Structure formats: C-alpha cells, structure tokens
Amino acid sequence: MQKAYLSHMSDKIPPGAIFAVKKTGLSITAYKSGKVMFQGATGEREAAKWGTATTPKAKSTKISTSVLPAGFASKNVAGSDEVGTGDYFGPMIVAACYVDQAMMPLLKQLGVKDSKAMTDPEICEIAKKIIPVVPHSLLLLPNPKYNELQAKGMNQGQMKAILHNRALENVLKKIAPIKPDAILIDQFAEKNTYYRYLAKEASVVREDVFFATKAEGLHLSVAAASIIARSRFVEAFHEMERELGFQIPKGASSKVDQVAADILDAKGEETLQRYTKWHFANTDKARKLLRRN
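In case it helps, the UniProt record's numbering puts the sequence shown at residues 1 to 293.
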C-alpha cells in the first residue's frame, strides 16, 4: 500500500503511524497495528480498493490474507509479483514463476530470497542464473500504454490484476499438463476486488489461488518472480538513462521531481511523459520547479 501512494506521501506522520498520505479530498494514515484509516470525501471509495471497512465511521480497513495450507513453502506453486507501481519513472512489470520441490534446493543455492533484502546488482546476477531454469512469464506495461489506460479511467489495481492474471496464465500453459498444487499472488487488493478488476478478461485463473502480503517470504515461486521482475526493472532504468542522458532515481521523491524538471527543461513534456506515470504528483512538482528556475 505504501508503494502505491509514494507520490502523495505526507511529511507529517502521527504518533504510532507508519506513513500518511495527503491528496485532494483524501487522507490516509497507516498504523503499526496494521490498521489503515481513510478519511475525506473520497475515503470510502478509496478504502474499497483495498478491502472492506470495519466501520463506515472510521473508514479503516485491513487487507485480508488467505490462510495458507500447512507446509505451503514445500508445495509445487506458481507465484506472481510486481514492481514499478510506486515509481514515477519506469514501467510497471509483473512476473510469474512456477517452482516445484525438485527446483527448490538449486534456487536456494543460487541465493533466491526476498528481493527487498538484496541490492540491484545481486538481483540482476541471480536473475541471470534462474531465468533459464524456472518456467516463468514476464510482462512489462510501457509508460505510454500505462498513461493511456489511466487516462481512460483504469486504476493501478486493475492494471496489476490484469498483468498478474495473464502472467499466471502464461506459466500454466508452459507447464501443462502439470498442474501446480496452488497459486500464490503477492497481495495488493482484497480477493473480491481483484476478481472484480478481471471482470472483462476472457479467462481468469481461479483454481487454488491464494493471496498473501509479503508473499516472497512465503514461497520461492514468488521470491523468484520478484527477482526476475526487479531485474527487468533495473534494466529498464539503464535503458532510460542511456536514451535520456540523465541519471534517474527510483521512487517518487523530491530527487525525482528535480530530475523530471531537468528532463522537462531539456527535452519537453512529450519526452518526459513517455518515460513516466504522468498522473503522479511529480509531474506538477516538476513543472513548478521549472517555473521557479
């Protein structure tokens, strides 16, 4: 959730909170207890993207996590994860992998684990080693297409759901007639919301699907998917830097605003838009920085 709102983070964090978000008509406060409070005119609608509010008055919500079967970590599982949702620059990428018991010793030996505990060079090195041996699907949503879909009213949650579903479908086709014991999705939305996002898809993966936050720590399939997705994301940044001639920071911080302003000044709005998630607040911040200069 924090990644999804990076471009709207507030510097003022209340006691006991992890982060706070301020947008027009909406404020969000996430607490260490795991509760998240949505307030403002659009609070209830925003909360519905993540789960069911426990009380309409408080508009607080928790993402529910599926209860995984016993011994899940040792089962044959197809898992999926995404990267790039909270970054102003760069594409949104989803990867899905199938990992069975026979692959697990090798993947552990190669260093597959939660990618958040690894550096980008480590991730890229491990990705090179596992890509040839792990059945996987890697889907990249370029910024121009992302901006087009967003302008038509599609939110990030729907884009992610479609990419996860299609990546998992691709993996299931690759391993057929083998069927995984289960499918694990790194959770970004409540289960019913996820499937609602897929209402217009021609086919939807539903059998033995589980959702869990921090899923890369629950099964090697999601950890491998996270590494492959992150590796491609790092490559995408290198490609952008070569094409634009600027060193580009990840995330959506004030450093990002300044680089965006520099690119805006040097190459214009059309070029900047091609490499960014245009609806992020960073766009207006970059314009303001440029006007000041």
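In this text, a Cβ means the ideal position worked out from N, Cα and C, and glycines have one as well.
Fair warning: this is a prediction, and the values are worked out from it, not measured in the lab.
Status (buried if at least 16 other CB within 10 Å, exposed otherwise) for residue i
i    : result
E148 : exposed
N143 : buried
E269 : exposed
P135 : buried
T283 : buried
P91  : buried
D11  : exposed
G71  : exposed
I13  : exposed
K116 : exposed
A202 : exposed
Whether residue i touches residue j by CB criterion (8 Å)
i           : j    : result
A167        : Y197 : no
N170        : S137 : yes
L140        : I93  : yes
F246        : V259 : yes
A223        : K113 : yes
L220        : L107 : yes
residue 367 : G40  : This structure leaves residue 367 out entirely; the chain is present only between 1 and 293.
V36         : M1   : yes
S27         : A252 : no
Three-state secondary structure assigned by DSSP to residue i
i    : result
K22  : strand
Q39  : strand
I131 : coil
M9   : strand
D181 : coil
H136 : strand
T283 : helix
T276 : strand
T193 : helix
A176 : coil
Residue-level contact to chain B via CB, residue i, 8 Å cutoff
i  : result
A4 : Reference to chain B is not applicable here, since this structure consists of a single protein chain.
Check: residue i C-beta below 7 Å from any heavy atom of the ligand FAD
i    : result
Y195 : The ligand content of the structure shown is nil, which means the ligand FAD is not present either.
(message) For a minimum of 3 consecutive residues, which ranges assigned as the beta strand (DSSP E) are wholly contained in the stretch 195 to 271?
(response) 209 to 212
(message) Is it the case that the stretch 139 to 153 contacts the stretch 270 to 282, given that we only count it when at least three CB pairs across the two stretches are under 8 Å?
(response) yes
(request) Spell out a yes or no on whether the stretch 165 to 184 and the stretch 32 to 49 are touching, meaning 3 or more CB-CB pairs, one atom from each, closer than 8 Å. (result) Output reads no: the stretch 32 to 49 does not touch the stretch 165 to 184.
(request) Starting from the N-terminal side, write out each stretch of the alpha helix (DSSP H) that is 4 residues or longer and does not extend beyond the stretch 58 to 114. (result) 104 to 109
(request) Determine contact between the stretch 207 to 215 and the stretch 227 to 238, defined as no fewer than three beta-carbon pairs at a distance below 8 Å. (result) no
(message) Would the stretch 71 to 78 count as touching the stretch 95 to 110 if we require 3 or more Cβ pairs under 8 Å?
(response) yes
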